[in-house]
Amino acid sequence: MQLRYNYRVYPTPVQQASLARAFGCARVVFNDGLRARQQAREAGEAYLSDGDLSKRVITQAKQTPEREWLGEVSAVVLQQALADLNVAYRNFFTSISGKRQGRKVAPPRFRSRKDNRQAIRFTANARFKVLDNGRLRLPKIGDLAVRWSRHLPAAPTSVTVIRDAAGRYFASFVVVAADDPLPPVDAEVGIDLGLTHFAVLSNGKKVAAPKLLRRAARKLRRLQQDLSRKQRGSNNRKKAVVKVARAHTRVADSRRDWQHQLSTRIIRDNQAVYVENLCVVGLGRTRLAKSVHDAGWAQFVQMLEYKAARRGRTFAKTNRFLPTSQTCSTCGRIDGPKPLSVRSWTCPCGTVHDRDVNAARNILAAGRAESLNACGAQVRPAPLPAPRREAGIRPDAVRSTRSVEGISVP
Ligand SMILES: [Zn+2]
1123 MQLRYNYRVY
1133 PTPVQQASLA
1143 RAFGCARVVF
1153 NDGLRARQQA
1163 REAGEAYLSD
1173 GDLSKRVITQ
1183 AKQTPEREWL
1193 GEVSAVVLQQ
1203 ALADLNVAYR
1213 NFFTSISGKR
1223 QGRKVAPPRF
1233 RSRKDNRQAI
1243 RFTANARFKV
1253 LDNGRLRLPK
1263 IGDLAVRWSR
1273 HLPAAPTSVT
1283 VIRDAAGRYF
1293 ASFVVVAADD
1303 PLPPVDAEVG
1313 IDLGLTHFAV
1323 LSNGKKVAAP
1333 KLLRRAARKL
1343 RRLQQDLSRK
1353 QRGSNNRKKA
1363 VVKVARAHTR
1373 VADSRRDWQH
1383 QLSTRIIRDN
1393 QAVYVENLCV
1403 VGLGRTRLAK
1413 SVHDAGWAQF
1423 VQMLEYKAAR
1433 RGRTFAKTNR
1443 FLPTSQTCST
1453 CGRIDGPKPL
1463 SVRSWTCPCG
1473 TVHDRDVNAA
1483 RNILAAGRAE
1493 SLNACGAQVR
1503 PAPLPAPRRE
1513 AGIRPDAVRS
1523 TRSVEGISVP
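If you want my numbering, it's the 1-based position in the sequence shown plus 1122.
Structure representation (structure tokens):
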């Protein structure tokens, strides 16, 4: 399966300037391509094929005085920018035709110099290379210093170079890694993702988001308030923007590290893992939005999914319309809706339930039943795309033996 490995890179000032030029050229090609398709559509012409578009906004554009500087960057970077545009269009088309599940996909939008995340991609065609001295050679950029926080398990098929909002640079390699199954275990688990706890397991374990993370999130909110009081266009505002961006990346990094540890542990300890198929997009529009997004469930579920696939475990999302918090996991009686404030209840059959643990048990039961219905077969998903950000970015955090905070057995 495809995995992503991220490493911090440290370009020199000259290399930073070359990267800035490459980000700019990729953006211009993307935007030129989008504009050409929009204009063709407005003029009632046929959809421009990928090949025609590439000829027009790359090959021919390089011959014109307005775009001749496109020749200063690797052609692969420009082709990959157009490839991104083509994928964005295809996602949009399959979404409006109903062939694509999930939330509606908007048509592609123009990229801006002010976007927080700037990225370019080099494929094998670009002949990027990891040198013996550990540097990453990128065509027309130079040899970048890399901090190899962990071992790259195989030769990468592509590398994306990213500049984040805090001004840091990363190289994100896509590697095709062989499956690495773990020895089988007997335990199976259902997971209820909730607001009072980050996750509650059917075995009774409750996992709270670490205090560290909650504190960092509070600090981030305060910095955002500071920022909102600064005058537009002022230097103080610019400084505040960078501060917010830094705090934001720190929160996101430590959340990801923590979720990696938790998901690795759950996959290691259980042969099958079931979670409720939450409609996170739907929840995101409600009053609960803030805490939902803080919790980063979608990222966590994705980690469980690809780790399960790689480690030979079963993973499935259960039907999200099951009344998991209303059903007694002992006798199966549906006891009617319970407000969020009800933390425990007693079923007429005599069982006293912790609300969340009961829900997790129901998710486990539903997951088992649904796997059996699928003829005891493949709950395992089709080949997964490389997760957008796999490895922990900070190597110290990745290697740390810090235990998962906040696990408590009631
Ligand atoms: Zn009961």
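All residues carry an ideal CB built from backbone N, CA and C; glycine is no exception. Note that the structure is a prediction, hence the values are computed from the model and not measured.
Simplified DSSP assignment, three categories, for residue i
i	result
residue 1510	Only weak support exists for where residue 1510 lies, its pLDDT of 49 falling under 50; the coordinates are left without a value.
residue 1186	coil
residue 1505	Any reading at residue 1505 needs caution, since the residue's pLDDT is 44, under 50, leaving its predicted position unreliable; the model's value is listed next. Coil.
residue 1251	strand
residue 1200	helix
residue 1438	strand
residue 1292	strand
residue 1321	strand
residue 1312	strand
residue 1128	strand
residue 1195	coil
residue 1151	helix
residue 1307	coil
residue 1135	helix
Any chain B beta carbon closer than 8 Å to residue i
i	result
residue 1345	This model lacks chain B altogether; it includes just one protein chain.
Residue i Cβ short of 7 Å to ligand 3 heavy atom set
i	result
residue 1392	What this structure holds is ligand 1, not ligand 3.
### 3 or more residues per run - each beta strand (DSSP E) lying fully within the stretch 1440-1501
1466-1468, 1474-1476
### Message
Threshold first: 3 residues or longer. Then list the beta strand (DSSP E) segments lying entirely within the stretch 1323-1408, N to C.
### Response
As far as the stretch 1323-1408 is concerned, its whole beta strand (DSSP E) runs of at least 3 residues are 1394-1398.
### Message
Does the structure place the stretch 1278-1287 close enough to the stretch 1299-1311 that three or more beta carbon pairs sit under 8 Å?
### Response
No: the two stretches stay apart, fewer than three of their Cβ pairs being nearer than 8 Å.
### Message
Any residue with its Cβ nearer than 6 Å to a heavy atom of ligand 1 should be included. What is that list in chain order?
### Response
1450, 1452, 1453, 1455, 1469, 1471, 1473
### Message
Does the structure place the stretch 1161-1172 close enough to the stretch 1229-1237 that three or more beta carbon pairs sit under 8 Å?
### Response
Contact fails: fewer than three Cβ-Cβ distances are below 8 Å.
### Message
Does the stretch 1433-1452 come into contact with the stretch 1271-1282, if we say contact requires no fewer than three beta-carbon pairs (one atom in each stretch) closer than 8 Å?
### Response
no
### Query
Would you call the stretch 1386-1401 and the stretch 1261-1278 in contact, with 3 or more CB pairs under 8 Å?
no
### Query
Fully enclosed by the stretch 1209-1287, which beta strand (DSSP E) runs are 3 residues long or longer?
Given a length threshold of 3 residues, each whole run of the beta strand (DSSP E) inside the stretch 1209-1287 is given here in chain order: 1240-1245, 1258-1260, 1264-1269, 1280-1285.
### the stretch 1469-1477 touching the stretch 1378-1385, judged by at least three CB pairs closer than 8 Å
No, because fewer than three Cβ pairs between the stretch 1469-1477 and the stretch 1378-1385 fall closer than 8 Å, the two stretches do not touch.
### Message
Counting beta carbon pairs with one atom in the stretch 1222-1236 and one in the stretch 1250-1261, are three or more of them shorter than 8 Å?
### Response
no
### Query
Can we say the stretch 1301-1321 touches the stretch 1477-1486, given the rule of at least three CB pairs closer than 8 Å?
yes
### Query
On the three-pair Cβ rule with 8 Å, is the stretch 1419-1427 touching the stretch 1328-1345?
no
### Message
Within 8 Å, do at least three Cβ pairs link the stretch 1449-1457 to the stretch 1367-1376?
### Response
Because the criterion of three Cβ pairs below 8 Å is not met, the stretch 1367-1376 and the stretch 1449-1457 do not touch.
### Query
With a cut-off of 8 Å, do at least 3 Cβ pairs link the stretch 1352-1364 to the stretch 1445-1452?
As far as the Cβ criterion goes, the stretch 1352-1364 does not touch the stretch 1445-1452, which means the pair count is below three.
### Query
Does the stretch 1165-1178 come close enough to the stretch 1241-1251 to have 3 or more Cβ pairs within less than 8 Å?
no
### Query
Between the stretch 1326-1339 and the stretch 1486-1493, are three or more C-beta pairs nearer than 8 Å?
no
### Query
Any chance the stretch 1136-1150 sits against the stretch 1186-1205, with 3 or more Cβ pairs inside 8 Å?
The stretch 1186-1205 and the stretch 1136-1150 touch, with three or more beta-carbon pairs separated by less than 8 Å.
### Task
Report yes or no: do the stretch 1132-1139 and the stretch 1181-1198 share at least 3 C-beta pairs separated by less than 8 Å?
Short answer: they don't touch.
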